[in-house]
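Residue numbers (numbering that gives the first Met the number 0): 0 to 156.
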Amino acid sequence: MFREIQLQEAIVVKGVSIKLSNSQNKNYLHIRELWQSFNAQLANNEIKLERNWRKFGVVFRAENAYFYLAGINCLENFYGFESINLLGGAYASFRHHGAMSKLKDFYYHLYKKIIPDMNLNINKNREILHYELYTNQFNWNNANSVIDIFVPLSSEN
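Here's what the structure looks like:
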């Protein structure tokens, strides 16, 4: 659940994205396929991640639609990859423990209960809704899997 408010430095995430639908069940399946495709593209581009690897799942808004980008923080450009900037600033940090199948319920609880109860000042017009940080603590369907989630805060927090 809630961990802390953290100041994050700006980073560039490069990867592949999909447009999200209004169906959380369909999005779950499409995002799962996106990660499989992205991981294959990492191998095809001979991108080797270090032992303490980090991958990002970024939910963002563009042209009145929502998208999900699976990516890594890197400076190089790779064919088929797009870039998104994660701005520096204050972020509320949350932690999800458990299998990916439980993530949908976690997000519902996060946005409907936890964030409103905490009175966090979130910019409703932000481009980045949140991003997920995946590390070597992540294991897709393991009950001990860990995903850190960062929600950008308004500068008034």
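Don't be surprised by glycine CBs; every beta carbon is placed ideally from N, CA and C. Since the model is a prediction, treat every value here as computed from it, not as a measurement.
- Here the segment 77 to 88 makes contact with the segment 38 to 48; the two share three or more CB pairs at distances below 8 angstroms.
- Looking at the backbone, the Cα of K18 and that of S100 are separated by about 20 angstroms.
- Setting aside the 5 residues that flank it on each side, S153 is surrounded in the same chain by N120 and N122, each with a C-beta closer than 6 angstroms to its C-beta; the list follows chain order.
- Straight-line spacing of the CA atoms in S92 and E45 works out to 32 angstroms.
- Rounded to whole angstroms, the gap between the alpha carbons of L109 and E49 is 31 angstroms.
- Here G14 is buried. Its C-beta has 16 or more other C-beta atoms within 10 Å.
- Spanning the alpha carbons of Q136 and I148 requires a straight line of approximately 13 angstroms.
- In the structure shown, I83 falls within a strand segment according to DSSP collapsed to helix, strand and coil.
- Taking 8 angstroms as the upper bound for CB-CB distance, Y67 and P151 are not in contact here, some 16 angstroms apart.
- Bridge pairing for I127: F59 [DSSP].
- Counting the other CB atoms within 10 Å of its CB gives A69 a total of 16 or more, which places it among the buried residues.
- In terms of Cα proximity to W139, the closest of V11, Q35, L6 and Q23 is Q35.
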